[in-house]
Amino acid sequence: MSKVLISGCGVAGLALAALLRRHGSTVTVIERSPQPRSTGVAVDIRGVALTVAQRMGIIDELERLRTRLRGMSNVDGAGVEQWRSEEYVFSSGQVGSEDIEILREDLSAVLRANLDQVDASRADAATELVFGDWITGLDEQADGVRVTFEHMAPREFDLVIGADGLYSDVRRLVFGPHEKYLHHLNAYIATFGGVNRFDLQDWELWVQDPASTYVLYPTRDNSEVRVIVGIASPELIEDRDVELHRQMVAERIDMVSWQTEAMHATLAESSDFYFGAMAQVRMENWSSGRVVLVGDAASSPSPLTGQGTSVALVQAYVLAQELTSAEDSGADHRSAFERYESRVRDFAEQNQTLIPDSSNPFEDDEDNTNRLKQELERIKNAFDLDAPAGEATRSTAEADSSAQL
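Numbering (our numbering), first residue to last: 46 to 450.
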């Protein structure tokens, strides 16, 4: 079986590692971060991605850990409620839906446990996880790829998979600079968390003021709160200075009169601060030779769509399916990569259309909100996992959840 290197220990990387290990591949996962990432907010698993989770055997654990919001209020900068909904929340969509919202760190822990379980069920070597290192060079040869790293000695692999996010090292090394593929969406988000000082009880707040936009929701049985701060900006801020980003968020907090002291306290105590551009990745091809991209590295729809996690899970499933099919039939990796892309590209691109038609994606536009709700309900199931492996498909049918990879 193939010897595979996966760059990125996020959703796509962990899911793909487990799926490939099921069928005997030797897998190494390398992650630039020195430890598993705990930053971020809640993510959503919707539609056909729920079927992927079920087939991976993780759906019950995801259900147990899901957030359980009852509704949301939209308030102005002074905290005066403008409207409320018990049917829809900003962060996860329809209340009471079968779709699952879960904290990113909880999802990562579930995927890691699933990988460990798969490894334990096999007699061969377990997945190798390497933290605090990254790929610096890829030299493709006739029978493999020679990979150089920042710290480890060079090694050779049959295949290299870039699951390393918006600023993918693999994509940059193989396909060229980020600027060729990143499409800025005039916005940034900052996320952080802390003690629930806001008396939120299974209830989300969407704070909108001309100066800034916040979304707050409680977690961990309402003991903690997660905050999303939206920053509309046509300029691409490339500075990676975390303290500068914290200062930018603090300045936004000062612009709004609502709960200023509590917001500053939450920001100050946060150990999981994140700041990032809202951008999409648009590429003509997701593979080159023995290298292929998956998840945000290939086709990030941006967090504004709420679909990045679902797309990543579907892509990981289909790529594993196609690689397994190719190996079983004696076909090579090139045909597997081509079939993977031909099957799932349309689904990925449909999800990219969910971006609001606005220069400020955080503004309260009822027409856009209603359009996005309707489009999301259609698109989240716009893929058929059960099309025969090796055949391109574009289907709006939901997959049969009882089928197996």
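Each residue gets a CB set at the ideal place from its N, CA and C atoms; glycine is no exception.
All figures in this text were calculated on a predicted structure; none of them were measured in a lab.
Own chain residues within Cβ distance below 6 Å of residue i, not counting five before or after
i           : result
residue 395 : 424, 427
residue 320 : 235, 290
residue 72  : 49, 62, 65, 66, 172
residue 119 : 127, 128, 251
residue 79  : 176, 177
residue 56  : 354, 357
residue 145 : 90, 107, 111
residue 332 : 382
residue 328 : 226
residue 218 : 183
7 Å CB neighbourhood of residue i in its chain, flanking five on each side removed
i           : result
residue 58  : 51, 74, 208
residue 159 : 63, 101, 102, 103
residue 380 : 371
Three-way DSSP call (helix, strand, coil) for residue i in this model
i           : result
residue 385 : helix
residue 100 : helix
residue 243 : coil
residue 309 : helix
residue 197 : coil
residue 298 : helix
residue 418 : helix
residue 117 : strand
residue 108 : helix
residue 396 : helix
residue 350 : helix
residue 372 : helix
residue 332 : strand
residue 366 : helix
residue 425 : coil
residue 256 : coil
residue 80  : coil
residue 126 : strand
residue 271 : strand
residue 325 : strand
residue 191 : strand
residue 344 : helix
residue 132 : coil
residue 438 : Because residue 438 sits at a pLDDT of 47, beneath the cut-off of 50, its placement in the model cannot be relied upon, and the point is left open.
residue 380 : helix
residue 68  : coil
residue 486 : In the structure displayed, the chain extends from 46 to 450; residue 486 sits before or after that span and is not available.
Euclidean distance between Cα positions of residue i and residue j
i           : j           : result
residue 386 : residue 326 : 15 Å
residue 40  : residue 185 : Lying outside 46 to 450, the shown extent of the chain, residue 40 is not represented and no answer is given.
residue 97  : residue 243 : 36 Å
residue 357 : residue 89  : 11 Å
residue 77  : residue 87  : 22 Å
residue 266 : residue 110 : 11 Å
residue 60  : residue 104 : 13 Å
residue 135 : residue 192 : 42 Å
residue 179 : residue 330 : 23 Å
residue 398 : residue 278 : 20 Å
residue 361 : residue 299 : 42 Å
residue 432 : residue 274 : 40 Å
residue 317 : residue 303 : 23 Å
residue 446 : residue 366 : Caution applies to residue 446, whose pLDDT of 34 falls short of 50 and renders its modelled position unreliable; the value that the coordinates give is listed next. If I take the Cα positions, the gap works out to 16 Å.
residue 472 : residue 227 : Residue 472 lies beyond the residue range present for the chain, which begins at 46 and ends at 450; the question has no answer from this structure.
residue 220 : residue 344 : 14 Å
residue 216 : residue 306 : 42 Å
residue 347 : residue 224 : 16 Å
residue 378 : residue 351 : 31 Å
residue 368 : residue 388 : 13 Å
residue 68  : residue 364 : 13 Å
residue 133 : residue 139 : 5 Å
residue 393 : residue 384 : 14 Å
residue 202 : residue 153 : 25 Å
residue 194 : residue 371 : 29 Å
residue 170 : residue 47  : 13 Å
Nearest residue (CA-CA) to residue i, options the options
i           : options            : result
residue 129 : 252, 172, 170      : 252
residue 124 : 210, 197, 301, 389 : 301
residue 248 : 391, 103, 113      : 113
residue 229 : 206, 324, 155      : 324
residue 92  : 431, 219, 421      : 421
residue 131 : 115, 152, 142      : 115
residue 156 : 54, 214, 373, 345  : 54
residue 452 : 121, 99, 182, 158  : Because the chain is modelled from 46 through 450, residue 452 falls outside the range shown and cannot be assessed.
residue 174 : 70, 272, 81, 313   : 81
residue 167 : 256, 190, 70       : 70
residue 293 : 121, 340, 214, 233 : 233
residue 272 : 309, 255, 256, 285 : 309
residue 213 : 339, 418, 349      : 339
residue 359 : 341, 141, 349      : 341
Cutoff 8 Å; reference residue i; Cβ partners in own chain excluding five residues on either side
i           : result
residue 270 : 238, 239, 240, 241, 242, 243, 245, 261, 262, 263, 264, 311
residue 287 : 318, 320
residue 256 : 122, 297, 300, 301
Q.
Would the stretch 156-167 count as touching the stretch 190-207 if we require 3 or more Cβ pairs under 8 Å?
A. Segments in contact, no.
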